[in-house]
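Only one structure is covered here, and it is reproduced in the block below.
Number of protein chains: 2
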Amino acid sequence: MIEERSADPTPADAPPTGAGLRERKKHATRVALRRAALTLAVERGPEHVTVDDIAAAAGVSPRTFFNYFASKEDALVGEHTERFAAFRELLLARPDDEPPLVAVGAAVAEYLRGIELDREVWALRRGLVERHPELLPRVLGANANAERELAHAIAERAGLAGAGAEDMYPTLVAAVTITAVRVAMLRAACTDTERAPADVVSEAFAALAAGLPAPSRG
Amino acid sequence: MIEERSADPTPADAPPTGAGLRERKKHATRVALRRAALTLAVERGPEHVTVDDIAAAAGVSPRTFFNYFASKEDALVGEHTERFAAFRELLLARPDDEPPLVAVGAAVAEYLRGIELDREVWALRRGLVERHPELLPRVLGANANAERELAHAIAERAGLAGAGAEDMYPTLVAAVTITAVRVAMLRAACTDTERAPADVVSEAFAALAAGLPAPSRG
DNA sequence: TAAGAAATTGCAGCGTCTGCAAGATTCGAC
DNA sequence: GTCGAATCTTGCAGACGCTGCAATTTCTTA
Numbered sequence: 039m040i041e042e043r044s045a046d047p048t049p050a051d052a053p054p055t056g057a058g059l060r061e062r063k064k065h066a067t068r069v070a071l072r073r074a075a076l077t078l079a080v081e082r083g084p085e086h087v088t089v090d091d092i093a094a095a096a097g098v099s100p101r102t103f104f105n106y107f108a109s110k111e112d113a114l115v116g117e118h119t120e121r122f123a124a125f126r127e128l129l130l131a132r133p134d135d136e137p138p139l140v141a142v143g144a145a146v147a148e149y150l151r152g153i154e155l156d157r158e159v160w161a162l163r164r165g166l167v168e169r170h171p172e173l174l175p176r177v178l179g180a181n182a183n184a185e186r187e188l189a190h191a192i193a194e195r196a197g198l199a200g201a202g203a204e205d206m207y208p209t210l211v212a213a214v215t216i217t218a219v220r221v222a223m224l225r226a227a228c229t230d231t232e233r234a235p236a237d238v239v240s241e242a243f244a245a246l247a248a249g250l251p252a253p254s255r256g
Numbered sequence: 039m040i041e042e043r044s045a046d047p048t049p050a051d052a053p054p055t056g057a058g059l060r061e062r063k064k065h066a067t068r069v070a071l072r073r074a075a076l077t078l079a080v081e082r083g084p085e086h087v088t089v090d091d092i093a094a095a096a097g098v099s100p101r102t103f104f105n106y107f108a109s110k111e112d113a114l115v116g117e118h119t120e121r122f123a124a125f126r127e128l129l130l131a132r133p134d135d136e137p138p139l140v141a142v143g144a145a146v147a148e149y150l151r152g153i154e155l156d157r158e159v160w161a162l163r164r165g166l167v168e169r170h171p172e173l174l175p176r177v178l179g180a181n182a183n184a185e186r187e188l189a190h191a192i193a194e195r196a197g198l199a200g201a202g203a204e205d206m207y208p209t210l211v212a213a214v215t216i217t218a219v220r221v222a223m224l225r226a227a228c229t230d231t232e233r234a235p236a237d238v239v240s241e242a243f244a245a246l247a248a249g250l251p252a253p254s255r256g
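Note that the protein sequences, when read in sequence, are chains F and P.
Residue numbering for the first sequence follows the working numbering, starting at 39 and increasing by one per position.
Residue numbering for the second sequence follows the working numbering, starting at 39 and increasing by one per position.
Structure below.
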C-alpha cells in the first residue's frame, strides 16, 4: 500500500516488433492491461473498477495483473515516471553554455515532441484525471521519482559533485521543471488544444526564466 | 483506496483547552493516534505497522482509527494539507503593488514562522520521510489540493476573474510556490539545520524571482 | 436526572496486494 | 525436432486496508 516501486522496470516503449515472441507477448499484455484499466475507469469511474474487471477485460488472470503493475493506480497513472528514463541523456546533450533553465526547457520540449505517439493513451488518461480529480495526488506523487532523477542530472550537468545534498539549486530547478511541465501539459490539454504541447511548455519555461513577471492585471 | 478526502475536517490546531469535555477528548485521541502512528512508523518502518497496532498504542479500537483518519497514510503525512487553509488570507493581506512571487514568498515566510509550534511532530514526520522515501509521493500528492487553493488565491489577487482556466499564470505561480516551499523545507530540515526554515524559503524565492540564475559552476 | 446527541466498538464483508507452488509456454542448444 | 532451462501464468490461501451497519457507551443540555 505504501510501497511505490514498479512491478517491472520494463521501458515504456518496449519494441512492439523485433525480439522474441516472449517479449512481444509481454508487451501486448501490458498494453492490453493498461488500455483495459483506462477504458473501464473512464466508463465507470476508477472506484467502480476492480482489478478482477481489468484482468478479465484484458484476458488474463487477476493474479497476472500484479505481475505487470504494482497497484491499480499504477496501471492508470503510473506510466509517466518510466518516461523520464531517457530524459537525462537529452539534457546532458545540450550545449554547456546554456543557462540551466533554458537547457532543461529545450530538453523537455524535445522530449515532448518525441512522445506524440501514445496520443491515444494520453488522451484517455487526461480525460480520466479531468473527470476524477481524486487521481491527481497520485499523478503528482508519481513525479517525485522523476524529480530526483532530474535533480541528479542537473547537478551533474552543472558540475556539482554530490547531487543535491550540499546545494539546493539542482533540486529547486528540477522541482520547478517538473512543475512547469505539468502545468503546461495541463494547460495544453484543457485550453490550448490547438497548440502543440511543446510550445506551451516552452512558453511556461520562458516565463520562469524571466522571473515570472506579472501579466497585465485586469 | 483512491479517494483522498479527510475523514474529519477538524482544524489541525484544535484547542487543547476550552470547550467541552467531548471536544477535548476528541482532540486528545486524534493527537494520540497521530503520535502513535508516527512513532511506530519511525521505529519499525511504515509497512510494518498495522492500523491495529496504531489503535492499540493509542488505546482505542481499530475501528475508531478510521473515525479520525481516512487512511493510514493520512495519519502519517496527511496533516500538511490542512495547514494551508489559513494561507489564503495571509496572501491577500499583502500590499497590492508587490510582484506576485514576492508577495507569495513573504506570505509563506510569515506562515512558516507561525508554525513553529508542532516542532515535535514535524521532526518525527521529517525523519520518517527521510528514512522512507516511499512516503514522498504521498506527501507531494497531498500538496495538490493546496496548490489549487493557492492558484485561486493568486488569480484573485491578480484580479483575474475565472481561476486558472483562461490563464496559465496563476496555476504556474501556485505550483512553483508549493514546489519552492517544499524544496526549501527539505533543505532546511536536512542540511541547513541551523538556519530558520523561513530564511531558507526566502532564499529559494529570491532565486526564483531572479529567474534561477546559475550558481558558480565548479 | 432524563432525553437526546455524539462517539466507540464489534462484526461482517469487499477489495487490494503478496508469497508460494504448481502448470503451461518459450528459448537455446544440440 | 527434442529436451532441459528459463520464464510466465495461474490458483490458492491469507494478511491488511477500509466501509457500512447496528448496538452500546459516553457526553450534553434542559
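In this text, a Cβ means the ideal position worked out from N, Cα and C, and glycines have one as well.
A contact between stretches requires three or more CB pairs, one per stretch, nearer than 8 Å, and the segment 125 to 132 of chain F meets this requirement with the segment 181 to 201 of chain F. Check the Cα spacing between P:S99 and each of P:E185, P:V80 and P:R68: the tightest is with P:R68. By the Cβ test, the segment 56 to 66 of chain P is not in contact with the segment 78 to 94 of chain P, since fewer than three Cβ pairs between them sit closer than 8 Å. Of the other Cβ atoms in all chains shown, 16 or more fall within 10 Å of the Cβ of P:A182; this residue is therefore buried.
For P:P100, the closest Cβ of chain F is not nearer than 8 Å.
For F:T217, a Cβ of chain P is located within less than 8 Å of the residue's own Cβ.
In the three-state DSSP reduction, P:V69 falls in the helix class (H, G or I). Within the segment 156 to 205 of chain F, no complete beta strand (DSSP E) segment of 3 residues or longer occurs.
Listed along chain P, the residues sitting closer than 9 Å to F:M206 by beta-carbon distance are V221, A222, L224, R225, T229, D230, V238, E241, A242 and A245. Shown in chain order are the members of the segment 102 to 119 of chain F whose Cβ falls below 8 Å from a Cβ of chain P: K110 and E111. Cβ-Cβ distances below 7 Å link P:V211 to P138, L139, V142 and I192 in the same chain, with the five nearest sequence neighbours on each side left out; the list follows chain order.
For P:V87, there is no enclosing alpha helix (DSSP H), as DSSP marks it with neither H nor E. Taking a Cβ-Cβ threshold of 7 Å, none of the residues of chain F is close to P:R82; the smallest such distance is about 12 Å.
The three-state reading of DSSP puts F:F107 in coil, since its state is none of H, G, I, E or B. At the C-beta level, F:R163 and F:V115 come within 8 Å of one another. Within the same chain, and ignoring the five residues on either side of P:L173 in sequence, the residues whose Cβ sits closer than 8 Å to its Cβ are P84, E111, L114, V115, L166 and V167. Within chain P, the residues A213, V214, T217, A218, V221, L246 and L250 have their CB atoms less than 9 Å from the CB of F:V214, given in chain order. The beta carbon of F:A196 lies closer than 8 Å to those of P138, Y207 and P208 in the same chain, with the five residues before and after it left out. Close CB contacts of P:F243 within its chain, under the 7 Å cut and outside five residues either way in sequence, are with L139, G143 and A218 (chain order).
Residues of the segment 171 to 186 of chain P with a C-beta atom less than 9 Å from some C-beta of chain F are P171, E172, L173, L174, P175, R176, V177, L178, G179, A180, N181, A182, N183, E185 and R186, listed in chain order. Against chain P, the CB of F:L78 has no partner CB under 8 Å away; the residue lies outside that interface. The Cβ of F:T209 sits closer than 8 Å to at least one Cβ of chain P.
The Cβ-Cβ distance between P:A93 and P:F103 falls below 8 Å.
Between the C-alpha atoms of P:N105 and P:W160 there is a straight-line separation of about 23 Å. Straight across, the Cα-Cα distance linking P:D134 with P:A226 is about 30 Å. Contact check for P:P171 and F:A180: beta-carbon distance about 13 Å, past the 8 Å limit, so the pair fails to qualify. Here DSSP, grouped into helix, strand and coil, assigns P:D134 to coil.
Taking 8 Å as the upper bound for CB-CB distance, P:L178 and F:L178 are in contact here, some 6 Å apart. P:A222 sits close to P:V239, with the two beta carbons spaced by under 8 Å. P:G143 carries a helical assignment under DSSP once its states are collapsed to helix, strand and coil.
Per the C-alpha coordinates, the member of F:E158, F:L76 and F:A70 positioned closest to F:R169 is F:L76. For P:V98, no alpha helix (DSSP H) encloses it, and the DSSP letter there is neither H nor E.
Shown here, P:A93 sits in a helix according to DSSP, grouped into three states. Per the C-alpha coordinates, the member of F:R73, F:H86, F:A236 and F:E148 positioned closest to F:G97 is F:R73. With fewer than 16 other Cβ atoms from the protein chains shown falling within 10 Å of its own Cβ, P:R60 counts as exposed.
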